[in-house]
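Counting with numbering that gives the first Met the number 0, you get residues 0 to 594 for the letters of the sequence shown.
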Amino acid sequence: MRASTHLHQFIKDIVDLCCPDNVHVCSGSDDEYDQMCKIMEHNGTAIRLNQLKRQNCLYVRTDPSDVARVEEVTYICSQNKDDAGPTNNWRDPIEMREKILSLFSRSMHGRTMYVIPYVMGPIGSPMSKCGIEITDSPYVVANMKIMSRMGREALSLIEKGEEFVAGVHSVGMPINNVNEEVPWPCNKEKLIAHFPESRQIWSFGSGYGGNALLGKKCFALRIASAIGRDDGWLAEHMLIMGVTNPNGVTKYFVAAFPSACGKTNLAMMLSTLPGWSISCIGDDIAWMYFGDDGRLYAINPENGFFGVAPGTSVENNPNAMKCIEKNTIFTNVALTEDFDVWWEGMTKVPPQGLRDWKGNAWDSNSKSTAAHPNSRFTTPIRQCPSFDKMGDDLRGVPIDGIIFGGRRSTLIPLVLESFDWVHGVLLGASQSSEKTAAAVGVVGEVRHDPFAMLPFCGYNMGDYFQHWLDQEKDGRKMPKIFSVNWFRKDDNGSFIWPGFKENVRVLKWIFERIDETVSANKTPIGYLPKELDRVGLNISDDKLNQLFDIDIDGFLKNIEDLYNYFNIFGDKFPKVLHQKLNIIYFNLKNNNLFS
Ligand code: TSX
Ligand code: MN
Numbered sequence: 000m001r002a003s004t005h006l007h008q009f010i011k012d013i014v015d016l017c018c019p020d021n022v023h024v025c026s027g028s029d030d031e032y033d034q035m036c037k038i039m040e041h042n043g044t045a046i047r048l049n050q051l052k053r054q055n056c057l058y059v060r061t062d063p064s065d066v067a068r069v070e071e072v073t074y075i076c077s078q079n080k081d082d083a084g085p086t087n088n089w090r091d092p093i094e095m096r097e098k099i100l101s102l103f104s105r106s107m108h109g110r111t112m113y114v115i116p117y118v119m120g121p122i123g124s125p126m127s128k129c130g131i132e133i134t135d136s137p138y139v140v141a142n143m144k145i146m147s148r149m150g151r152e153a154l155s156l157i158e159k160g161e162e163f164v165a166g167v168h169s170v171g172m173p174i175n176n177v178n179e180e181v182p183w184p185c186n187k188e189k190l191i192a193h194f195p196e197s198r199q200i201w202s203f204g205s206g207y208g209g210n211a212l213l214g215k216k217c218f219a220l221r222i223a224s225a226i227g228r229d230d231g232w233l234a235e236h237m238l239i240m241g242v243t244n245p246n247g248v249t250k251y252f253v254a255a256f257p258s259a260c261g262k263t264n265l266a267m268m269l270s271t272l273p274g275w276s277i278s279c280i281g282d283d284i285a286w287m288y289f290g291d292d293g294r295l296y297a298i299n300p301e302n303g304f305f306g307v308a309p310g311t312s313v314e315n316n317p318n319a320m321k322c323i324e325k326n327t328i329f330t331n332v333a334l335t336e337d338f339d340v341w342w343e344g345m346t347k348v349p350p351q352g353l354r355d356w357k358g359n360a361w362d363s364n365s366k367s368t369a370a371h372p373n374s375r376f377t378t379p380i381r382q383c384p385s386f387d388k389m390g391d392d393l394r395g396v397p398i399d400g401i402i403f404g405g406r407r408s409t410l411i412p413l414v415l416e417s418f419d420w421v422h423g424v425l426l427g428a429s430q431s432s433e434k435t436a437a438a439v440g441v442v443g444e445v446r447h448d449p450f451a452m453l454p455f456c457g458y459n460m461g462d463y464f465q466h467w468l469d470q471e472k473d474g475r476k477m478p479k480i481f482s483v484n485w486f487r488k489d490d491n492g493s494f495i496w497p498g499f500k501e502n503v504r505v506l507k508w509i510f511e512r513i514d515e516t517v518s519a520n521k522t523p524i525g526y527l528p529k530e531l532d533r534v535g536l537n538i539s540d541d542k543l544n545q546l547f548d549i550d551i552d553g554f555l556k557n558i559e560d561l562y563n564y565f566n567i568f569g570d571k572f573p574k575v576l577h578q579k580l581n582i583i584y585f586n587l588k589n590n591n592l593f594s
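Here you go:
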């Protein structure tokens with residue numbers, strides 16, 4: 000039952016357990032992709048979209064109960080409970096294996112079992128890693144073809160003895176009689192179990208997104224973060240972008256944001272500043288290591304975007320709109336009369352004759368949204384007009400800046416530079432975001448989300464903070480660390496900063512701080528800009544000042560809340576971070592505004 004490192008034994012074990020009717024080892028060819036599309040169309044899972052508007056695109060509706068990641072039933076099954084930590088669900092690996100055996104027993108009966116060999120990261124990169132995902136879902140096969148380097152090359156690496164992360168996925172709906180198939184098979188009972196020590200993933204009951212595309216959150220974040228802890232590198236929930244100045248000098252940044260902060264928009268953004276341009280390496284995950292030259296390098300383990308559709312428009316993210324013109328899978332968006340797609344925020348006025356994500360006729364008087372708030376596009380990264388060819392570089396790109404973001408209507412300034420590495424790590428650990436209407440819960444409530452890794456860290460988050468601190472070593476050129484917040488509001492409740500393309504002004508300041516060509520004010524909370532480039536920007540001095548105003552009482556309360564939050568990590572919370580927080584608290588309290 001334990002997945003052998005030998006592929007053929009692994010396949011045989013899973014066949015014996017899951018009892019599929021057929022086994023298909025994926026080649027990753029375009030013909031095979033077409034075959035998956037045909038199966039989905041035949042089963043009613045997918046509809047082919049209008050070829051003239053969306054060439055080679057599929058429209059998929061999931062079961063209404065299977066629309067998002069299932070964090071409540073996501074487990075880290077380390078030997079010791081303490082290795083999962085206070086932010087993860089833990090189960091004893093032996094108990095979990097028993098549970099898995101019963102769930103997966105005969106779970107693929109009547110179905111084809113697909114064996115997906117894939118590589119996360121550019122093939123040939125020393126940073127890349129192999130995986131095998133066994134699944135009974137053709138939707139997963141098609142999505143994995145877009146999201147990873149899937150097929151023959153991966154298989155040949157594994158057959159030559161390359162280690163791989165073993166993943167088993169079943170929608171959990173065996174077919175006992177023919178004609179029993181439904182458009183979106185899934186199971187009421189769901190389970191996602193990670194075994195960081197034996198590098199295994201078992202996912203049952205859901206066919207959607209991060210639950211089912213095991214290369215993404217399960218492997219590239221949860222399992223990879225645990226491998227990174229052991230082997231001295233970082234697997235992070237970060238976009239990777241290039242910023243090029245008018246002299247043609249490019250610097251690369253990584254940035255971590257909680258959900259609903261527009262991370263994909265930032266990764267693909269355009270620039271309003273003449274001569275400045277932005278390029279995209281990735282929008283979700285970065286694997287990072289320090290090279291022999293002492294610099295930090297990053298690769299994007301992914302090969303596509305699995306982006307949230309609602310809010311994406313020609314105005315907000317023209318590059319994303321270009322990406323999704325062809326070869327894209329749309330899931331849970333709305334369908335137009337002429338077989339195109341639509342979602343809230345795509346255009347101001349919805350088209351006539353829409354069908355919503357559940358297949359019902361929809362108009363603007365309908366109570367629910369036409370597209371599900373978590374509806375998605377799966378699209379190849381190379382279709383992004385701003386895709387940076389360094390994204391294929393085997394060594395990765397050198398990282399000069401690390402950015403931590405959040406959605407905060409008060410307190411947190413537009414941009415701030417940390418005093419040093421330890422303070423930067425504290426900024427990451429302190430990341431938080433206000434809930435939006437798109438998520439369940441109270442709108443405006445502040446949720447802690449350290450490093451935007453809360454649901455994705457595969458080990459104890461206290462150890463994770465220490466692992467970040469441990470990166471600082473003699474001989475290494477540590478990237479500067481920044482905090483950003485596009486979402487500060489004025490007294491009328493309006494966003495102060497225009498955001499989007501204008502964020503390039505903030506990136507310019509960060510770029511020039513790294514180059515040491517622009518000055519800053521030292522304050523108790525970090526370095527703030529003396530001035531931002533505001534040529535061509537219609538914003539008053541007063542408004543600009545509001546973006547950097549330090550509300551001392553509010554900040555002190557914020558820090559008190561952080562002390563409480565960090566208590567959940569107990570002894571694992573690094574002392575130096577606590578000390579750093581004490582210093583900031585002390586200086587604020589004593590009104591030491593420095594300048
Ligand atoms: O993605 C966003 N970014 C980053 C873009 C590169 N969003 C959307 C977040 C939802 C997922 C933003 N929303 C950003 C932003 O920088 N800023 C805001 C807030 C905002 C919203 C609307 C306006 C301005 C700011 N509209 C006008 O000013 C007209
Ligand atoms: Mn993400």
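From the three backbone atoms N, C-alpha and C, an ideal C-beta is built for every residue, glycine too.
Leaving aside the five residues before and after C561 along the sequence, list all residues of the same chain whose C-beta is less than 7 Å from its C-beta, in chain order.
Working through the sequence shown from its first residue, we reach residue 561 at position 562. The displayed chain sequence assigns Leu, not Cys, to residue 561. For L561, where only same-chain residues beyond five positions count, the Cβ hits under 7 Å are S429 and L580.
CA-CA distance, C602 and C129?
This structure gives no information on residue 602, because the portion of the chain shown stretches from 0 to 594.
What do you get for K597, buried or exposed, if any count of 16 or more other CB atoms within 10 angstroms of its CB means buried?
Here the chain comprises residues numbered 0 to 594, so residue 597 is not present and cannot be evaluated.
Under 7 Å from any heavy atom of the ligand FAD, does the C-beta of L506 make it?
Ligands in the displayed structure: the ligand TSX and the ligand MN; the ligand FAD is not one of them.
If you run the structure through DSSP and keep just helix, strand and coil, what is V14?
Translated into the one-based positions of the sequence shown, residue 14 becomes position 15. Reduced to three states, the DSSP call for V14 is helix.
So what does DSSP say about N21, is it helix, strand or coil?
Taking the first residue of the sequence shown as position 1, residue 21 is located at position 22. Of the three classes helix, strand and coil, the one that applies to N21 here is strand, per DSSP.
Look at the alpha carbon of M237 and the alpha carbon of D229, and state the distance between them as a whole number of angstroms.
Against the sequence shown, residue 237 aligns to sequence position 238. Against the sequence shown, residue 229 aligns to sequence position 230. Taking the straight line joining both Cα atoms gives about 20 Å.
Just how far apart, CA to CA, sit I398 and Q8?
The residue labelled residue 398 in the question sits at position 399 within the sequence shown. The residue labelled residue 8 in the question sits at position 9 within the sequence shown. The alpha-carbon atoms of I398 and Q8 are separated by roughly 41 Å.
For the alpha helix (DSSP H) containing L425, name the first residue and the last one.
Along the sequence shown, one-based indexing puts residue 425 at 426. W420 to A428 is the span of the alpha helix (DSSP H), which, as asked, contains L425.
Classify M597 as helix, strand or coil using the three-state DSSP reduction.
Since the first and last residues shown for the chain are 0 and 594, residue 597 lies out of range.
Taking the straight line between their C-alpha atoms, what separation do you get for Q78 and L587?
Here residue 78 corresponds to residue number 79 of the sequence shown, with the count starting at 1. Here residue 587 corresponds to residue number 588 of the sequence shown, with the count starting at 1. Q78 and L587: Cα-Cα distance of roughly 43 Å.
What residue range does the alpha helix (DSSP H) around D33 cover?
Looking up residue 33 in the sequence shown gives position 34. Unbroken alpha helix (DSSP H) run through D33: D29 to N42.
Where do the ends of the alpha helix (DSSP H) carrying T111 lie?
Residue mapping note: residue 111 aligns to position 112 of the sequence shown, counting from 1. Per DSSP, T111 belongs to no alpha helix (DSSP H); it is in the beta strand (DSSP E), T111 to M119.
Hey, is the stretch 415-433 in contact with the stretch 155-162, meaning 3+ C-beta pairs nearer than 8 Å?
With a cut-off of 8 Å, the stretch 155-162 and the stretch 415-433 do not count as touching, because too few Cβ pairs lie within range.
Within 8 Å, do at least three Cβ pairs link the stretch 71-87 to the stretch 191-204?
Counting Cβ pairs under 8 Å, three or more are found: they touch.
Report the CB separation of M112 from V248 in whole angstroms; it is logged as a contact under 8 Å.
As a first step, residue 112 is located in the sequence shown; it is residue number 113 there, counting from the start. As a first step, residue 248 is located in the sequence shown; it is residue number 249 there, counting from the start. So it is not a contact: roughly 51 Å between Cβ atoms.
So, at 7 Å on beta carbons, what are the nonlocal neighbours of W496 in its own chain, with the 5 sequence-adjacent residues on each side left out?
The sequence position of residue 496 within the sequence shown is 497, counting from 1. Cβ within range, chain order: L413, W485, R487 and L546.
Between which two residues does the beta strand (DSSP E) containing T243 stretch?
Along the sequence shown, one-based indexing puts residue 243 at 244. Note, T243: beta strand (DSSP E), M237 to T243.
Buried or exposed: where does K11 fall if 16 or more other Cβ atoms within 10 Å of its Cβ makes it buried?
In the sequence shown, counting from the first residue as 1, residue 11 sits at position 12. Its Cβ having fewer than 16 others within 10 Å, K11 is exposed.
Which residue from S28, S205 and C217 puts its Cα closest to that of A153?
The residue labelled residue 153 in the question sits at position 154 within the sequence shown. It is S28.
Just verifying my parser: in three-state terms, what is the DSSP assignment at A45?
The residue given as residue 45 occupies position 46 in the sequence shown. Correct three-state label for A45: strand.
Return the chain-ordered list of same chain residues with a C-beta closer than 6 Å to the C-beta of R1, the five sequence neighbours on each side being excluded.
Your numbering for residue 1 matches position 2 in the sequence shown. For R1, the predicted structure reports a pLDDT of 37, less than 50, and the residue's modelled location is therefore unreliable. A value from the coordinates is still provided. Once the five neighbours on either side are set aside, R1 has no close Cβ partner at all.
Is F565 close to the ligand TSX? I mean its beta-carbon at under 7 Å from any heavy atom of the ligand.
Taking the sequence shown and counting its residues from 1, the one referred to as residue 565 is at position 566. It does not: the Cβ of F565 is nowhere closer than 7 Å to a heavy atom of the ligand TSX.
Please return the same chain residues whose Cβ sits closer than 8 Å to the Cβ of C260, not counting the five positions on each side in sequence.
Taking the first residue of the sequence shown as position 1, residue 260 is located at position 261. So the list reads G404, G405, R406, S432, W485 and F486, once near-sequence residues are dropped.
How far does the beta strand (DSSP E) with D462 in it extend, from its first residue to its last?
As a working mapping, residue 462 is identified with position 463 in the sequence shown. Per DSSP, D462 belongs to no beta strand (DSSP E); it is in the alpha helix (DSSP H), M460 to D469.
What is the DSSP secondary structure of K488, counted as helix, strand or coil?
Position 489 of the sequence shown holds residue 488. Residue state, collapsed to three classes: strand.
Report the three-state DSSP secondary structure of P379 (helix, strand or coil).
The residue you call residue 379 lines up with position 380 of the sequence shown. It is a strand residue.
Using the Cα positions of A225 and K571, report the straight-line distance between them to the nearest angstrom.
Within the sequence shown, residue 225 is the residue found at index 226, counting from 1. Within the sequence shown, residue 571 is the residue found at index 572, counting from 1. Going by the C-alpha atoms only, they are around 16 Å apart.
Could you say which of V118, V69 and Y138 lies nearest to E40 if we only look at CA atoms?
Here residue 40 refers to the residue found at position 41 of the sequence shown. Considering only alpha carbons, the answer is Y138.
So, using beta-carbon positions, are V442 and A436 closer together than 8 Å?
Sequence index remark: in the sequence shown, residue 442 carries index 443 (1-based). Sequence index remark: in the sequence shown, residue 436 carries index 437 (1-based). Yes, these two residues count as a Cβ contact at 8 Å.
Give the single residue among E70, R68 and K37 whose Cα lies nearest to the Cα of V59.
Here residue 59 is taken as the residue at index 60 of the sequence shown, counted from 1. Of E70, R68 and K37, the residue nearest in Cα terms is K37.
Where do the ends of the alpha helix (DSSP H) carrying E152 lie?
For the purposes of this step, residue 152 is taken as the residue at position 153 of the sequence shown. Start and end: R151 to E158.
Reducing DSSP to helix, strand and coil, say where W286 ends up.
If you number the sequence shown from 1, residue 286 lands on position 287. Here W286 sits in strand by DSSP.
Which residues does DSSP list as the beta-bridge partners of N88?
The count along the sequence shown starts at 1 and reaches residue 88 at position 89. DSSP lists Y74 as partners of N88.
Out of A360, G306, V118 and K250, state which residue places its alpha-carbon closest to the alpha-carbon of F510.
The residue labelled residue 510 in the question sits at position 511 within the sequence shown. Here the closest residue by C-alpha is K250.
Excluding the five sequence neighbours on either side, which residues of its own chain have a C-beta within less than 8 Å of the C-beta of I411, listed in chain order?
For the purposes of this step, residue 411 is taken as the residue at position 412 of the sequence shown. Only G405, S482, N484 and R487 meet the Cβ criterion.
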